[in-house]
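Colleague:
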Amino acid sequence: LKSVFDESRGYTTNIPSFGGEWAFALAFNHINQNETEALNSFDPSSPSFSSELVDEWLEQLLSTPSTSAESIYIGHYDGQTHSRMFLLPKPLRNYLKTETRTMTKDDPIYLYNG
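Numbering (my numbering), first residue to last: 34 to 147.
Below is the structure:
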């Protein structure tokens, strides 16, 4: 993803119906410097990150007229959970440093041969 987008971030979360931890990726291009700084403040590896900032953002989101606690259930997600999700385990970080393949429509990457 780094070869196609300005930024890419991995995260993990437990998916009980699939029996454990699953990994996901986010990728995006920078639009402007202010957006980049805002996004970095949500990166747990950034010095400007705090789990309280995520909690404040969620509180603001849920207090806007277009959203409410009744319409969005975030029972499992808060600032501390956000930190855990984006601080990947060392073996996964090491693996991602060595991965060089780029998946395309014509050259898919299959992780399961069954």
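Ideal Cβ placement from N, Cα and C applies to all residues, glycine included. Predicted model, so just to flag it, every value in this text is computed and none were measured.
Within 10 angstroms of the Cβ of Val87, are there 16 or more other Cβ atoms? Answer buried if so, exposed if not.
Modeller: In the sequence shown, counting from the first residue as 1, residue 87 sits at position 54. So Val87 ends up on the buried side.
Colleague: Which residues does DSSP list as the beta-bridge partners of Thr46?
Modeller: Taking the first residue of the sequence shown as position 1, residue 46 is located at position 13. Answer is Trp55.
Colleague: Between the Cα of Leu125 and those of Lys35, Thr45, Ile142, spot the shortest distance and give me the residue it belongs to.
Modeller: Numbered from 1 along the sequence shown, position 92 holds the residue referred to as residue 125. Checking every option, the nearest Cα to that of Leu125 belongs to Thr45.
Colleague: With a Cβ-Cβ cutoff of 8 Å, do Asn62 and Phe38 count as a contact?
Modeller: Counting from 1 along the sequence shown, the entry for residue 62 is found at position 29. Counting from 1 along the sequence shown, the entry for residue 38 is found at position 5. Yes. Within cutoff.
Colleague: Check the C-beta distance from Pro80 over to Phe119 and give it rounded, since I have them as a contact under 8 Å.
Modeller: The residue given as residue 80 occupies position 47 in the sequence shown. The residue given as residue 119 occupies position 86 in the sequence shown. In fact, because the Cβ distance is near 15 Å, the residues do not count as touching under 8 Å.
Colleague: Which term fits Arg42, buried or exposed, when burial requires 16 or more other beta carbons within 10 angstroms of its beta carbon?
Modeller: Taking the first residue of the sequence shown as 1, we reach residue 42 at position 9. Buried is the call here.
Colleague: What is the DSSP secondary structure of Glu92, counted as helix, strand or coil?
Modeller: The residue labelled residue 92 in the question sits at position 59 within the sequence shown. Here Glu92 sits in helix by DSSP.
Colleague: If you count every other CB in all the chains shown that lies within 10 Å of the CB of His115, and 16 or more means buried, which is it?
Modeller: On the sequence shown, position 82 is the one that residue 115 refers to. Classification of His115: buried, given that the 10 Å Cβ count is 16 or more.
Colleague: Note down the Cα distance separating Ala60 from Ala71, rounded to an integer number of angstroms.
Modeller: The sequence position of residue 60 within the sequence shown is 27, counting from 1. The sequence position of residue 71 within the sequence shown is 38, counting from 1. Answer to the nearest angstrom: the Cα atoms are 15 Å apart.
Colleague: Determine the extent of the alpha helix (DSSP H) in which Gly150 is found, giving its start and end residues.
Modeller: What the structure shows of the chain is the stretch from 34 to 147, and residue 150 is not part of that stretch, so it cannot be assessed.
Colleague: What residues are listed by DSSP as bridge partners for Ser41?
Modeller: For this step, residue 41 is matched to residue 8 along the sequence shown. The partner list for Ser41 (beta bridge, DSSP) reads Ala60.
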